[in-house]
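Engineer: In the numbering used here, each residue carries its 1-based index in the sequence shown increased by 478. Cβ atoms here follow ideal geometry from the backbone N, Cα and C, with glycine treated the same way. As the structure is a prediction and not an experimental result, all values here were calculated from the model.
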Amino acid sequence: MLPQYYTVKQSGAHEIVIQKSRFICHAKRATTEKEAQDFIQKIKKEHWSANHNCSAYLIGERNQFQKANDDGEPSGTAGVPMLEVLKRKELKDTVVVVTRYFGGIKLGAGGLVRAYSNSVSEGLTNIGIVKRTLMQIMHTKVDYTWLGKLENELRNSPYVLKEVHYADNVIVDTFVEESQKDAFTAWMTELTNGQADISAGEVTYLEEEI
Numbered sequence: 479m480l481p482q483y484y485t486v487k488q489s490g491a492h493e494i495v496i497q498k499s500r501f502i503c504h505a506k507r508a509t510t511e512k513e514a515q516d517f518i519q520k521i522k523k524e525h526w527s528a529n530h531n532c533s534a535y536l537i538g539e540r541n542q543f544q545k546a547n548d549d550g551e552p553s554g555t556a557g558v559p560m561l562e563v564l565k566r567k568e569l570k571d572t573v574v575v576v577t578r579y580f581g582g583i584k585l586g587a588g589g590l591v592r593a594y595s596n597s598v599s600e601g602l603t604n605i606g607i608v609k610r611t612l613m614q615i616m617h618t619k620v621d622y623t624w625l626g627k628l629e630n631e632l633r634n635s636p637y638v639l640k641e642v643h644y645a646d647n648v649i650v651d652t653f654v655e656e657s658q659k660d661a662f663t664a665w666m667t668e669l670t671n672g673q674a675d676i677s678a679g680e681v682t683y684l685e686e687e688i
């Protein structure tokens with residue numbers, strides 16, 4: 479698992495108009511080629527009457543799966559420029575499809591490259607990008623009398639509060655970087671005068687919008 483990477487925040491679409499042609503960028507997170515291909519086919523089916531549904535994706539920790547498709551546009555004017563935007567933004571596990579409804583004005587090769595690049599760039603900015611950081615979930619079990627203090631201290635700390643579970647005791651889940659586990663445990667132990675039961679939970683990603 480990568481310690482940190484960027485990807486699209488959510489599935490979404492964003493439209494721009496260039497020289498009367500409509501360019502609709504559709505984006506989705508995809509962790510397999512099948513998922514990416516299924517998304518591309520879904521968009522093609524939804525926009526079957528469009529002139530073009532060009533696509534690109536980057537998948538895998540080392541970008542081992544990547545593909546660009548011009549879908550009828552002149553070779554190299556759509557899919558590859560779209561893929562280059564994904565690379566420039568350092569995204570992973572992301573698929574994009576740009577649907578074009580031709581408006582009657584030809585853009586030329588250079589114009590098409592700029593149009594498809596801008597469509598993806600603006601689309602991703604509008605839909606959102608997140609940074610995913612691999613974190614250890616630390617569980618801190620304490621008596622309810624400590625809850626207010628812990629929540630307050632966590633808000634003013636470098637650690638991120640994930641959630642609070644209410645049972646016989648209260649369990650506070652916190653995102654902690656792997657390298658900070660010991661420091662967090664020592665800090666929490668001191669904070670609670672040694673009255674906390676601290677344990678490591680699952681390893682998962684923390685998402686932060688950028």
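(1) Threshold first: 4 residues or longer. Then list the alpha helix (DSSP H) segments lying entirely within the segment 625-666, N to C.
(2) In terms of residues, what are the limits of the alpha helix (DSSP H) holding A593?
(3) Opposite M616 in the DSSP bridges: which residues?
(4) Leaving out the 5 sequence neighbours to the left and right, which residues in its chain are closer than 6 Å to S677 when beta-carbon positions are compared?
(5) In the structure shown, what three-state DSSP assignment does I689 receive?
(6) May I ask you to report which of helix, strand or coil DSSP gives L536?
(7) Would A508 and T572 be called neighbours here (beta carbons separated by less than 8 Å)?
(8) Pair every Cβ in the segment 623-634 with every Cβ in the segment 580-596, then say whether three or more of these pairs are closer than 8 Å.
(9) Can you give the Cα-Cα distance for M613 and Y594, rounded to whole angstroms?
(10) Closer than 8 Å, CB to CB, is N541 near chain B or not?
(11) What number of angstroms, rounded off, separates the C-alpha of S657 from the C-alpha of Y644?
(12) Rounded to whole angstroms, what is the Cα-Cα separation between A546 and N604?
Structural biologist: Well, looking at it:
(1) 625-633
(2) 586-605
(3) T652, A678
(4) Excluding its 5 nearest sequence neighbours in each direction, S677 has C-beta neighbours in its own chain below 6 Å: H617, listed in chain order.
(5) Missing from the structure shown is residue 689; the chain here goes from 479 to 688 and no further.
(6) strand
(7) yes
(8) no
(9) Just so you know, the alpha carbons of M613 and Y594 end up roughly 36 Å apart.
(10) Checking the listed chains, one finds no chain B in this structure; it contains a single protein chain.
(11) Each residue's Cα considered, the two are about 28 Å apart.
(12) 22 Å
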